[in-house]
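A.B. asks:
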Amino acid sequence: MDKTFQPANIETRWYQEWEDKGYFAPQGGEQSYSIMIPPPNVTGNLHMGHGFQEAIMDALIRYHRMSGCNTLWQAGTDHAGIATQMVVERQLEGQGINRYDLGREKFVEKIWEWKEKSGGAITQQMRRLGASLDWSRERFTMDPGLSKAVQHVFIRLYREGLIYRGQRLVNWDPVLHTAISDLEVISEEERGHMWHFKYPLASGEGHLTVATTRPETMLGDCAVAVHPEDKRYANLIGLAITLPLCDREIPIIADDYVDREFGTGCVKITPAHDFNDYEMGRRHGLPLINILNDDAVINDTAPISYRGLDRLEARARVVADMEALGLLDKVADHTLSVPRGDRSGVVIEPYLTDQWYVDAKKMATPAIAAVENGDIQFVPKQWENTYFAWMRDIQDWCISRQLWWGHRIPAWYDTDGNFYVGENEEAVRQENTLGDTVILRQDEDVLDTWFSSALWTFSTLGWPEETEELATFHPSTVLVTGFDIIFFWVARMIMMTLHLLEEVPFHTVYIHGLVRDSDGQKMSKSKGNVIDPTDLIDGIGLEELVLKRTSGMMQPQLAAKIEKSTRRQFPSGIESYGTDALRFTYYSLASTGRDIKFDIGRIEGHRNFCNKIWNAARYVLMNCEKEDCGTSNKAAVELSLADRWIRSKVQETAAEVTRAVANYRFDLASQALYEFIWNEYCDWYLELSKSVLWDDGASPEAKRGTRQTLIRVLEISLRLLHPMMPFITEEIWQSVGALAGKSGPTIMLQPYPEPNEHEIDVRANKDIEWLKMVIEGIRNIRGEMSIPPGKELSVLLRNGDENDRQRLSTNSQYLRKLAKINKIDWLGVDDAVPLAATSLAGELEILVPMAGLIDKEAEIVRLSREIGKLENDLTRLQGKLGNAAFVDKAPAAVVAKEQNKMQAQQQALETLQQRLSRIRDI
RNA sequence: AGGGCCUUAGCUCAGUUGGUUAGAGCACCUGCAUGACAUGCAGGGGGUCGGCGGUUCGAGUCCGCCAGGCCCUACCA
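The opening residue of the first sequence carries number 232 in the working numbering; numbering runs sequentially from there.
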């Protein structure tokens, strides 16, 4: 074995073997356990969020697979309608063509070609993370089976009246030329202006003043509204306005939606271009005047001089023309929230179109109930409120998209505007008895990608066929996802699955935090703070990192800034840390919080942890290979105190890890393992074992017992750790397993250690605690007195009880070795106490005689500090116990505890004070 | 505008139903080539738990107010 752990040498080798041997597939077992991966986009590259999420799922899957469950981790990707179409369109752009040049069929072919070639990138990266997905069952949302499920669901919901077609205002992306759902619109505050326009009354006398942030919409105005009780305008209600620039008359109407306090109290109403105005228009029977084309250019409904202008050009022209007419009252700076498309980033227009909708309100009721009654549980529970809040006020879901890539809507139109929903044109003709003379044309639109994702838990298992997989693995056990898609995906899955299968899609939803950079900033390409998980695994040079962060940018002007900050943050690039260290870091950060700040320092510590494990294994193997390790259980074995203690500790650790995983607390699980392996097993047990293994006088039974303990505890630790650190544990286990009496081709199919309470040895724990206390007392003196670690000491003990004497006599070999002592003697109570540095272990006094070693002043400082601490503490205790209310009201056990503590502290204080005055006296 | 979350050591975070002297990692200081490991070993320093008030024998933990930070939903033209 190398002296340091070299992850690169082993990771891909083991992954290849696991995958080739089919270990990731379900292995049978009574209890099934399944996780459906949140399908990443085919266009995607692995980012830190994926890495984190997959690390968690893989730990759960490996843990339950080892625990004997019939385990399925369903692999797959989704087709990401808009994103994928954009990627391929951009490629075509490079060749100087657009999708219309190609036509729909050819364009979709191009996308498939692209998908075959590049769509697998992310699944390759997932393999680097060690994710044990069942690749043999990999699915894609556009696969024939899944497409069939999508079509089936659409037709069924349509026939049940849960899908309908309607003309509504939608969120329209004028660049992508498609409707998008409410959730895909991001509104943020931006600085803009508020224009105040005078609208002359039709009578020719006087005017009203309206305010608007979008002047161009006035071309579509259909009314001016005032509050019905607004005295200022009461006499104008029912009169008309002559709409400037348009030569139309529009009414003045009254509606209590209007806020009298805001602006002038008069609102221009544009029903075709504003959601609130649309509602008001419906209330008042106003017409809808649409003034825009698909690309937000003014259409032919508008006065001729504005036609063909982009919305912003039109805005400037309208303002200029109004000013020229003397109708521009004023322009004020105004901060407003601007809706932008989350993909394109352009301002979204409310736009009147025909679209398909899912009646979400009906489907929400059972979906709410399923969470209320506990059929589905969120972890942390807190997220249920987020879910409820949205579900109780849910809006109908616009599911049609004006794209070419996706599941085409199975609806056909005749030339009279009638439409028919069915499996295909032939079926539609038959079902509706349409003769051959009727010309049918299929709906051009496709379905929202989330529509197919909503079916993911069961469409991947073969539904609508009644497959064995469906019976075995559905409902899935747990969904692991981020809070950002509770609405997009989780809620819609719950609604769809409950309605279609009459069962929940999953029993638990584990919501994890979102990974941010070390400053708490969201990682994004435009901020240039993205870290690619594979770069943490393999490492990356500075130049390459700068290049990676600054190439292919949407906003190239930011490149210089990004380069600068990258060079500052990673002056020598990123080192290689390996997958196990990265994964362990993810787990250590996986607490209940919402944000996960990823600090590079954390991963370095965990790489060191890997190295620690590696070297502990080296030590164990050096001492156990080709030696008698009591593997067979036949030969007589003598277990030392240290052996019994570490066997006990590993059981406690197993219990802690099991509890933590059951609660999805991977931070606690990882911490328990780190603490046990480093601070107990390595720091203490391995050191303790040396005093047996290196002692020529030790019996063969004792050596056998120590070797057996070394190897068995290591082997258990490896299995405990394997779900989190799959590679290093496998590599080491291959050598350790057999020595520990285990057989099998891989650790990943070994049973997960079940905590065994009978092996918890309270007595051994206490004895070792005593031993540590004594050793630490001596080390403290050594450290503070600057006595070189190599210098052997002789030590006197005083004032101990029978237990102390007993423990000393059985453990003196440990003490000699770990505290570097050559001589330990008891001092009688009446014996003269020599000048010495003092430490306490309970009532036991540990004295290191000064004899030229100890600096008098330093010892005075040290003792004074200890005494100060004790005095503080005693004052607090005395106050507490002197308080009658405390003694009366607190539970007796608590009071007794405090009293015992006070006694012990008093005793310790006295002892130390005596020692201090003794030293001062010389 | 409504709702929610967060604030603990220099940094990143744990802290179960209120009950030892509030813990860890990293960073820091001191010493050390000791036969697994310098990606290491040993020792050490560092916190009035955001502020104020309340409940309680007892509050990092429960309640109220304030300050700062973040998020979600809705959106006033």
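Ideal Cβ positions, reconstructed from N, Cα and C, are used throughout, including at glycine.
Cβ of I999 within 9 Å of Cβ of W876?
C.D. replies: Going by C-beta atoms, I999 is nearer than 9 Å to W876.
A.B. asks: Measuring alpha carbon to alpha carbon, tell me which residue in V669, T372, E654 is nearest R387.
C.D. replies: It is E654 whose Cα lies nearest to the Cα of R387.
A.B. asks: Measuring alpha carbon to alpha carbon, tell me which of Q1137, E391, D585 ends up nearest E675.
C.D. replies: The shortest C-alpha separation from E675 is found at D585.
A.B. asks: Which residue marks the beginning of the beta strand (DSSP E) containing H424, and which one marks its end?
C.D. replies: Taken as a continuous stretch (DSSP letters only), the beta strand (DSSP E) holding H424 covers 416–431.
A.B. asks: Under 8 Å: do the segment 447–466 and the segment 516–529 share three or more Cβ pairs, one atom per stretch?
C.D. replies: Counting Cβ pairs under 8 Å, three or more are found: they touch.
A.B. asks: Does the segment 1106–1118 come close enough to the segment 1082–1098 that 3 or more CB-CB pairs lie under 8 Å?
C.D. replies: Cβ pair count under 8 Å is below three, so no.
A.B. asks: Can you name the start and end residues of the beta strand (DSSP E) that M297 belongs to?
C.D. replies: Run containing M297: none in the beta strand (DSSP E); it sits in the alpha helix (DSSP H), 279–297.
A.B. asks: Between P270 and W628, is the Cβ-Cβ spacing less than 9 Å?
C.D. replies: No; because the gap between Cβ atoms is not below 9 Å, this pair is not in contact.
A.B. asks: Just mark M853 as buried or exposed, buried being the case when its beta carbon has 16 or more other beta carbons within 10 Å.
C.D. replies: The residue in question, M853, is exposed, as its Cβ has fewer than 16 Cβ neighbours within 10 Å.
A.B. asks: Restricting to runs no shorter than 4 residues, where is the alpha helix (DSSP H) found entirely within the segment 316–393?
C.D. replies: Listed in chain order, the complete alpha helix (DSSP H) runs (minimum 4 residues) inside the segment 316–393 are 330–333, 335–349, 352–359, 375–390.
A.B. asks: Quick check: what's the CA-CA separation for F371 versus K843?
C.D. replies: Between F371 and K843, the C-alpha separation is close to 41 Å.
A.B. asks: If you pair each beta-carbon of the segment 256–269 with each one of the segment 293–312, do three or more pairs fall below 8 Å?
C.D. replies: These segments touch.
A.B. asks: Mind listing, in chain order, the continuous beta strand (DSSP E) runs of no fewer than 3 residues lying wholly within the segment 486–551?
C.D. replies: Segments of the beta strand (DSSP E) lying fully in the segment 486–551: 497–500.
A.B. asks: When you compare each of W681, A886, D564, H638 to E988 by their alpha carbons, which one comes out closest?
C.D. replies: Closest by alpha carbon: A886.
A.B. asks: Which residues in the same chain have their Cβ closer than 8 Å to the Cβ of D590, if we skip the five residues on either side of it in sequence?
C.D. replies: So the qualifying residues of the chain are G392, L393, I394, Y395, D627.
A.B. asks: Looking only at its own chain, which residues have a Cβ that is under 8 Å from the Cβ of Y818, when we skip the five neighbours before and after it?
C.D. replies: Around Y818: A286, I287, A290, F897, D898, A900, S901, M955.
A.B. asks: Suppose the cutoff is 6 Å on Cβ atoms and the five residues either side in sequence are ignored; what does the same chain contact list for L870 look like?
C.D. replies: Correct list, in chain order: G936.
A.B. asks: Should the segment 629–649 be called in touch with the segment 357–366, which here means at least 3 C-beta pairs below 8 Å?
C.D. replies: Counting Cβ pairs under 8 Å, fewer than three are found: no touch.
A.B. asks: Taking just the CA atoms, how far does Y912 sit from D1032?
C.D. replies: One C-alpha to the other measures close to 29 Å.
A.B. asks: Quick check on the burial criterion: 16 or more other C-beta atoms within 10 angstroms. Buried or exposed for N1042?
C.D. replies: By the neighbour-count rule (16 or more Cβ atoms within 10 Å), N1042 is buried.
A.B. asks: DSSP three-state label for K252, please.
C.D. replies: DSSP places K252 in coil when its eight states are reduced to three.
A.B. asks: Apart from the five residues on each side of it in sequence, which residues of its chain come closer than 8 Å, Cβ to Cβ, to S755?
C.D. replies: The answer, listed in chain order, is V761.
A.B. asks: For V659, which three-state DSSP category applies?
C.D. replies: Reduced to three states, the DSSP call for V659 is helix.
A.B. asks: Measure how close the beta-carbons of W614 and I742 come, nearest whole angstrom, since I'm counting them as under 8 Å.
C.D. replies: Confirmed, Cβ separation roughly 5 Å.
A.B. asks: Can you give me the start and stop residues for the alpha helix (DSSP H) that H438 sits inside?
C.D. replies: No alpha helix (DSSP H) contains H438, which is instead part of the beta strand (DSSP E) from 438–443.
A.B. asks: If you draw a straight line from the alpha carbon of V578 to that of R422, how long is it in whole angstroms?
C.D. replies: Taking the straight line joining both Cα atoms gives about 14 Å.
A.B. asks: Could you tell me whether the Cβ atoms of H730 and P597 are closer together than 9 Å?
C.D. replies: Going by C-beta atoms, H730 is nearer than 9 Å to P597.
A.B. asks: Tell me where the beta strand (DSSP E) around G1031 begins and ends.
C.D. replies: That residue, G1031, is in no beta strand (DSSP E); it is neither H nor E in DSSP.
A.B. asks: When we look at the beta-carbon of L1002 and count the other beta-carbons within 10 Å, is it buried (16 or more) or exposed?
C.D. replies: The residue is buried, with at least 16 neighbouring Cβ atoms inside 10 Å.
A.B. asks: Measure the C-alpha to C-alpha separation of S683 and V381 and round it to an integer number of angstroms.
C.D. replies: Near 6 Å, if we compare the C-alpha coordinates of V381 and S683.
A.B. asks: Rounded to the nearest angstrom, what separates T703 and R296 at their Cα positions?
C.D. replies: Rounded to the nearest angstrom, the two C-alpha atoms are 15 Å apart.
A.B. asks: Which residues in the same chain have their Cβ closer than 6 Å to the Cβ of L567, if we skip the five residues on either side of it in sequence?
C.D. replies: Once the five neighbours on either side are set aside, the close Cβ partners of L567 are G423, T444.
A.B. asks: Write down the C-beta distance between P238 and G1014 rounded to the nearest angstrom, noting that I regard them as a contact closer than 8 Å.
C.D. replies: Going by Cβ atoms, the distance from P238 to G1014 rounds to 35 Å, so no, they are not a contact pair.
A.B. asks: Express the C-alpha separation of P534 and S434 in angstroms, rounding to a whole number.
C.D. replies: Answer to the nearest angstrom: the Cα atoms are 22 Å apart.
A.B. asks: Please give the ranges of any alpha helix (DSSP H) in the segment 1059–1141, keeping only runs that are unbroken, at least 4 residues long and fully inside the region.
C.D. replies: Listed in chain order, they are 1087–1113, 1115–1120.
A.B. asks: Just to confirm my understanding: we take D914, look at its own chain, exclude 5 residues before and 5 after, and list those with CB closer than 7 Å. What are they?
C.D. replies: Excluding positions up to five away in sequence, the list is empty.
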